[in-house]
Amino acid sequence: MTDKAAEPGRAGSPSLGAQAREAVLRRIVDRRYEQGARLVEREVAEELGMSRVPVREALRALVAEGLLELLPHSGVRVRRLERADVEHLYEVWEPLAVQASRLAARAVATGGGEGLAALEAALHQAESAAAADEGAREVAAHTAFHEEVVALSGNPLLVRTMEQLSRQLRLLFGLREEPAHMRAQHAEMYRHIAAGDPEAAAASTLLHVRDSRSVALRSLFGA
Numbered sequence: 001m002t003d004k005a006a007e008p009g010r011a012g013s014p015s016l017g018a019q020a021r022e023a024v025l026r027r028i029v030d031r032r033y034e035q036g037a038r039l040v041e042r043e044v045a046e047e048l049g050m051s052r053v054p055v056r057e058a059l060r061a062l063v064a065e066g067l068l069e070l071l072p073h074s075g076v077r078v079r080r081l082e083r084a085d086v087e088h089l090y091e092v093w094e095p096l097a098v099q100a101s102r103l104a105a106r107a108v109a110t111g112g113g114e115g116l117a118a119l120e121a122a123l124h125q126a127e128s129a130a131a132a133d134e135g136a137r138e139v140a141a142h143t144a145f146h147e148e149v150v151a152l153s154g155n156p157l158l159v160r161t162m163e164q165l166s167r168q169l170r171l172l173f174g175l176r177e178e179p180a181h182m183r184a185q186h187a188e189m190y191r192h193i194a195a196g197d198p199e200a201a202a203a204s205t206l207l208h209v210r211d212s213r214s215v216a217l218r219s220l221f222g223a
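Here the sequence shown is numbered in the working numbering, starting from 1 and rising by one per residue.
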């Protein structure tokens, strides 16, 4: 079954290139495209029911974001995550995630809590997906939770900085285990943010990210 593209030109609809990028990313995250798999532009276009132009645009974007890599002669393949890649990702994400939670709680404390409903909704979506054993939906909810924290921070530079990182995190979350206690950690982060307590929110986020790093390294590399 092919993915149906939104009508080009419809107000508010993403471009075909953006739709193709999201469709390929979904397939990488849910492992329909395995690590190391070669992607052929023509075959991907046929699968998505699109022309090759937006698919070419999507593949180039994902190469630039580090999710695909160019092959020596032609084409691309899904990048294999090495231990160093995971370490580097967490080195960058940790301080950004901690600061995002701190700023989000500060925003709530000063009356800017409009995004709390979306944050709480991501928590419920993760619980619902876990109960239904829908791993891909749980990964999407997990990523959405962190994205909503960043949005709630009210810092547009932080939002832009996190955009590319979020796609790499989504891939990582799809490859590793998703223990139940990590959903509980999200709930604790939410409580501190909703209470407008910046330092408690930052501390709970630091614990969560470091735990997430340990889980990822154990899941992917056995240590």
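Yeah, the Cβ is synthetic: ideal placement off N, Cα and C, and Gly gets one too.
Since this is a predicted model, take the numbers as computed values, not measurements.
Asked, Found
"Bridge partners of residue 69, per DSSP?", "77"
"I'd like the list of long-range same chain contacts for residue 36, defined as Cβ closer than 7 Å, with 5 residues on each side in sequence excluded.", "77, 78 and 80"
"Is residue 204 closer than 7 Å to residue 188 when the C-beta atoms are compared?", "yes"
"Within a Cβ cutoff of 6 Å, which residues of the same chain sit near residue 144, ignoring the five residues on either side of it in sequence?", "122"
"If you run the structure through DSSP and keep just helix, strand and coil, what is residue 32?", "coil"
"Return the first residue and the last residue of the alpha helix (DSSP H) that residue 182 is part of.", "180-194"
"Are the CB atoms of residue 170 and residue 90 within a distance shorter than 7 Å?", "no"
"Quick one, are the C-beta atoms of residue 102 and residue 18 less than 7 Å apart?", "no"
"Look up residue 38 in the DSSP assignment and say whether it is helix, strand or coil.", "strand"
"If you reduce the DSSP assignment to three classes, tell me which class residue 95 lands in.", "helix"
"Check whether the Cβ atoms of residue 246 and residue 196 sit closer than 7 Å, and answer yes or no.", "The structure shown does not extend to residue 246, since the chain is modelled only from 1 to 223, so the question has no answer here."
"Which of the three DSSP states, helix, strand or coil, is assigned to residue 132?", "coil"
"Given residue 209, which residues of its chain have a CB within under 6 Å of its CB, disregarding the five upstream and five downstream residues?", "94 and 97"
"What does the alpha-carbon distance come out to for the pair residue 84 and residue 176?", "15 Å"
"Does the beta-carbon of residue 14 have 16 or more other beta-carbons within 10 angstroms, so that it is buried, or is it exposed?", "exposed"
"Measuring only the C-alpha atoms, how far is residue 12 from residue 132?", "Interpretation of residue 12 is limited by its pLDDT of 49, a score under 50 that renders its predicted location unreliable; no figure is taken from the coordinates."
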